[in-house]
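What follows is a set of notes on a single structure, which appears directly below.
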Amino acid sequence: MKPAMQMPMSMSSMPMSSMMPGNMPVATMMPMMCHMTCAMTDKGMRCTMMPAEGMSMEMMKSMCSMLTEMMACGTPVGMMCAGQPMMSCCGMAMMPKMTCEMTATGMSCMMMPMGAMSMDMLKMCCDTMNRMMACGMPMTMMCGNTPCMVCMS
595 MKPAMQMPMS
605 MSSMPMSSMM
615 PGNMPVATMM
625 PMMCHMTCAM
635 TDKGMRCTMM
645 PAEGMSMEMM
655 KSMCSMLTEM
665 MACGTPVGMM
675 CAGQPMMSCC
685 GMAMMPKMTC
695 EMTATGMSCM
705 MMPMGAMSMD
715 MLKMCCDTMN
725 RMMACGMPMT
735 MMCGNTPCMV
745 CMS
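Residues in the sequence shown are numbered consecutively from 595, following this note's numbering.
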């Protein structure tokens, strides 16, 4: 092999930033911490997230905008706990319709049943999430495959 054709270093030793085109961000940010409460309403499950240590209302506002834009583009957003999707009632993952908005106290996400998902299934998910958080298990809000927020009660 001619010297001009040799790789200067192996791919595993190259920094990730050198493999990304331009200034493309690498998804290595730490998820934001928040306190979350979940309750059922007549429309579905409402989760209210309030900033925790190291997170400001401005950061939460940016997160709300980003999640809304990502969902509008078709990127799924959902809650996970210990690697399991929380909307996996009856053995199959179901995605409710979700909207996010900012309130005076934080971000409010409304999850409404969609397709084959019923209000009873959504209530089961709400109860399970609240019990798990009460035991100290954090819920992770995922946007696609990226963890965005870690929520505790």
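Glycine residues also receive a C-beta, built at the ideal position from the N, C-alpha and C atoms.
Just so it is clear, the structure is predicted and the values come from calculations on it, not from any experiment.
In DSSP terms, what residue i is bridged to
i              : result
glutamate 695  : Ser702
arginine 640   : Ala633, Met704
methionine 627 : Val744
proline 679    : Met674
proline 645    : Cys628
Within 8 Å, strictly: CB atoms of residue i and residue j
i              : j              : result
cysteine 742   : proline 645    : no
proline 690    : methionine 708 : yes
threonine 662  : cysteine 694   : yes
methionine 692 : cysteine 703   : yes
methionine 696 : methionine 727 : no
glutamate 647  : methionine 665 : no
cysteine 720   : methionine 634 : yes
lysine 637     : methionine 731 : no
Spatially closest choice to residue i from the options, by CA coordinates
i              : options                        : result
asparagine 739 : Glu647, Pro679, Glu663         : Pro679
methionine 649 : His629, Ala666, Met634, Met660 : His629
valine 744     : Met634, Met664, Gly672         : Gly672
serine 659     : Gly700, Met731, Glu647         : Gly700
methionine 651 : Ala698, Asn724, Thr669         : Ala698
alanine 710    : Met681, Asn724, Met723, Arg725 : Met681
Limits of the alpha helix (DSSP H) - the one that residue i falls within
i             : result
threonine 722 : 713–728
cysteine 658  : 651–666
Range of the contiguous beta strand (DSSP E) that encloses residue i
i              : result
methionine 743 : 740–746
methionine 735 : 733–737
methionine 674 : 671–675
**OP:** Determine, using beta-carbon pairs with one atom in the stretch 717–735 and one in the stretch 630–643, whether at least three such pairs fall under 8 Å.
**Re:** Yes, the stretch 717–735 is in contact with the stretch 630–643.
**OP:** Examine the Cβ distances between the stretch 710–722 and the stretch 654–670 and report whether three or more of them are shorter than 8 Å.
**Re:** With the cut-off at 8 Å, the stretch 710–722 and the stretch 654–670 do not touch.
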